[in-house]
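*Asks:* Each number in my numbering comes from the position in the sequence shown (counting from 1) with 13 added on. For glycine and all other residues, C-beta sits at the position ideal for the given N, C-alpha and C.
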Amino acid sequence: MTRTQTIQTSAKAMQYTRTIQFSGYSWRVKRHTTRVGPGPNFFSDSECNVWVDARGRLHLKITRTGNRWECAEVICTRSLGYGTYRFYLESEVHNLDPNVVLGLFTWSDTPAYGYREIDIEFARFQGPAGFNGYYTIRPHDPGHPQHTFWWPANVLQSVHLFRWEPGRIYFRSVRGFRPEPSSASAIVTEWTYTGNFVPPPGDENPRMNLWLLNGQPPTDGREVEVIISRFEFVPL
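1) State yes or no: is the C-beta of D233 within less than 8 Å of the C-beta of S92?
2) Less than 8 Å between the beta carbons of I240 and H72, yes or no?
3) Roughly how many angstroms separate the alpha carbons of R16 and A136, rounded to a whole number?
4) Quick check for students: name the residue ranges of the beta strand (DSSP E) that lie wholly in the stretch 56-132, counting only runs of 3 or more.
5) In whole angstroms, what is the alpha-carbon distance linking V247 and T205?
6) Quick check: the Cα distance between A166 and Y148, rounded to an integer number of angstroms?
7) Can you grab the Cα-Cα spacing for the pair L174 / G146, in whole Å?
8) Pick helix, strand or coil for S196, following the three-state DSSP scheme.
9) Could you name the residues that DSSP lists as bridge partners for L223?
10) Compute the Euclidean distance between the alpha carbons of C84 and M221, then round it to the nearest angstrom.
11) Who are Q34's beta bridge partners in DSSP?
12) Check G228 in the structure and name its three-state DSSP category.
13) Within the continuous beta strand (DSSP E) that includes F190, where are the two ends?
14) Quick one: give me the first and last residue of the beta strand (DSSP E) that E238 is part of.
15) If we count Cβ pairs, one from each stretch, closer than 8 Å, do we get three or more for the stretch 105-114 versus the stretch 223-233?
16) Consult DSSP for L174 and reduce its assignment to one of helix, strand or coil.
17) Can you check DSSP and say which residues form a bridge with V49?
18) Between E105 and the rest of its own chain, which residues show a CB-CB distance below 8 Å, the 5 nearest in sequence each way excluded?
19) What residue from L102, Y98 and W164 has the CA that sits closest to W120's CA?
20) Rounded to whole angstroms, what's the CA-CA distance from E178 to R41? Just pull it up for me.
21) Please identify the residue among P155, T161 and G116 whose C-alpha is closest to the C-alpha of I88.
22) Going by alpha carbons, who is nearest to H157 out of Y128, S242 and E245?
23) Please go through the same chain and pick out, in chain order, the residues whose beta-carbon is closer than 8 Å to the beta-carbon of S39, but skip the five residues on each side of it.
24) Would you decide whether L249 is buried or exposed? Buried here means 16 or more other CB atoms lie within 10 Å of its CB.
25) Mind checking P53: buried by the 16 CB within 10 Å criterion, or exposed?
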């Protein structure tokens, strides 16, 4: 990944006109009619791109309007700090288009500590034959820590989490909707980082986005949708 691909646009520079309720939290919906990061891309706050259905599930969708592709991002209005962040996916993400990125992460508008980014991503940053899963910390610093993995096919329900503590971040991705599974075989991958790049909490927010790498359209020309069943936060 490059800084151009991953850098976010400051929330202070954005104009938010829409807020949604999801999993007990308020989320601002990102909107920008010129290209901004990540990508850079156009971001839409339309109900065609971001909505919560009758079952309380969040839908993020990349859509095409004429010749313009519009991406989706939501930003929690609260800063939560140390604790466990859980994202429940109800979509298969092993075979996202090579130009599509799903991000589940924290981010601060302040550049200190690598924008306090702690990120779970599903993408093909290394090309179609590369890994499709990434745990990343502070990717804007040289030598940033990262764990790559293969996320399997035929997993419709999954939980992806990180537990952020002083000096330590633990990641886990699990088949099914049980973050503490009864069988170790349900754990696809896990990783613990205790190095110097663990950020302290500040003004970061949990965020979720679905965007296009380098702003390029899906290779198959099709719109892309991901469903997040719920988000949970457990403080330390």
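*Replies:* This is what the structure holds:
1) no
2) yes
3) Confidence in R16 is poor, its pLDDT being 36 and thus under 50, which makes the residue's placement too unreliable to answer from.
4) 63-65, 71-78, 81-89, 96-102 and 113-120
5) 18 Å
6) 19 Å
7) 13 Å
8) coil
9) A85 and L115
10) 11 Å
11) S39
12) helix
13) Here F190 belongs to no beta strand (DSSP E), and DSSP marks it neither H nor E.
14) V237 to P248
15) yes
16) strand
17) N54
18) A166, N167, V168 and L169
19) Y98
20) 26 Å
21) G116
22) Y128
23) T32, I33, C89, T90 and R91
24) exposed
25) buried
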